[in-house]
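Below is one structure, written out as structure tokens; the observations come after it.
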Amino acid sequence: MEMVVRLSRNYCKMSEFNNIGNMILHEFIRQVQEQGLEVSGQHPETGQISLKNADGQTVLVSLLNLVDYYYTSRDENAVNDFVRKVVSVLRPQKTPDWDKARSRVYVSLYPWDSKKRPPLAKEVADYCGRFFILDTPETALWITPAMLTEWKITEAALEAEALANGDALLAATDLEVARLDGRALGSFKLRDRTLNAALLMAPSLKDKVRERFGWPLYAVIPNKTTCRFFGPDDFSYFEQNLAEFVADEYDNPRRITPELLEFNDGGIRPICTWVKRMGYIMKFDSE
């Protein structure tokens, strides 16, 4: 085990950050109640709120990303936009038929230590598993066995379609490459960065990246919208800054994994993990 010392937050800004958090909380509650939703529970220790609609359907919402976004952007429409998304999730939704849905199904990743795992999930590393989503304009829906029954398809057929869609999206996506002392650090140039995982899991990943980064590929995806990758030979150069980057980005309600993952011809292999403990970053090598 190796410890990398890094302070976790600029504490001199915490007072302003907390004031913004209180303002966001009160405005969010006011707006969702105006939309007919009931606040059925508040969890200050995690920044989460439980909401219920008139049909008794519930959802657990985290405001941490919203507060972070407003803190940096001062976007006056931030709360309004977020409330619209939450309301759309709790509005009764009809599953589209398979002919309409098939082009929008993808493989995604999810934290494996979560108390509530998605349906059809399978472990791929110590901290994360893969599952299937239906990408809609409002949100990404977890695909369930009931949906497969309604579509009259097997899980194998769903997986084949999801991987093919990942390949198609990857073919249409440019790579963003930063050069640091002659070393390449990559990311995907995606309009919707919540689909980063679909590109990492695409079967054609090797063909897309090996000319610029080689193969196998090292990648981190600490949260749903953040992904970086590079060649294994450059690990020692990136390691110190990467540890801080992963630990900070993993501290996010939409977390996926604090692991450094190797993508190779055999699949996915965890290399190490960075986690934050009491303001310090600790590294654990995988066995």
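My numbering puts the first residue of the sequence shown at 56, with every later residue one more than the last. Heads up, the beta-carbon is just placed ideally off N, CA and C, and yes, glycines get one too. Just so we're clear, the structure is a prediction, and the values are computed from it rather than from any experiment.
Could you please give me the residues that DSSP links to residue i through a beta bridge?
i: Tyr161; result: Ile188
i: Pro166; result: Cys183
i: Val275; result: Arg283
i: Lys177; result: Arg185
i: Trp197; result: Ile188
For residue i and residue j, which I take to be in contact (beta-carbon distance under 8 Å), what is that distance rounded to the nearest angstrom?
i: Glu231; j: Gly221; result: Glu231 to Gly221, Cβ: 18 Å. No contact.
i: Val142; j: Gly76; result: Rounded, the Cβ-Cβ distance is 22 Å, inconsistent with contact.
i: Tyr182; j: Thr328; result: 7 Å
i: Leu218; j: Pro200; result: In fact, because the Cβ distance is near 19 Å, the residues do not count as touching under 8 Å.
i: Val87; j: Leu118; result: Not confirmed; about 11 Å, so no contact.
Verify whether the separation of the beta carbon atoms of residue i and residue j is less than 8 Å.
i: Val33; j: Ile198; result: What is shown of the chain runs 56 to 342, which leaves residue 33 out entirely.
i: Tyr305; j: Pro287; result: no
i: Thr228; j: Leu245; result: yes
i: Met202; j: Thr249; result: no
i: Thr312; j: Ala180; result: yes
i: Arg309; j: Lys279; result: yes
i: Ala252; j: Val162; result: yes
i: Phe318; j: Ala257; result: no
i: Arg267; j: Ala239; result: yes
Threshold first: 3 residues or longer. Then list the beta strand (DSSP E) segments lying entirely within the stretch 291-326, N to C. 314-319
Enumerated in chain order, which unbroken segments of the alpha helix (DSSP H) with a length of 4 residues or greater are wholly contained in the stretch 80-133? Those alpha helix (DSSP H) runs which fall completely within the stretch 80-133 and span 4+ residues are 119-128.
Tell me whether the stretch 81-97 and the stretch 123-142 touch, counting them as touching only if at least three CB pairs, one residue from each stretch, are closer than 8 Å. Because the criterion of three Cβ pairs below 8 Å is met, the stretch 81-97 and the stretch 123-142 touch.
Fully enclosed by the stretch 220-271, which alpha helix (DSSP H) runs are 4 residues long or longer? Along the stretch 220-271, the alpha helix (DSSP H) occurs as fully enclosed runs of 4 or more residues at 251-255 and 260-268, listed in sequence order.
Under 8 Å: do the stretch 124-135 and the stretch 155-169 share three or more Cβ pairs, one atom per stretch? no
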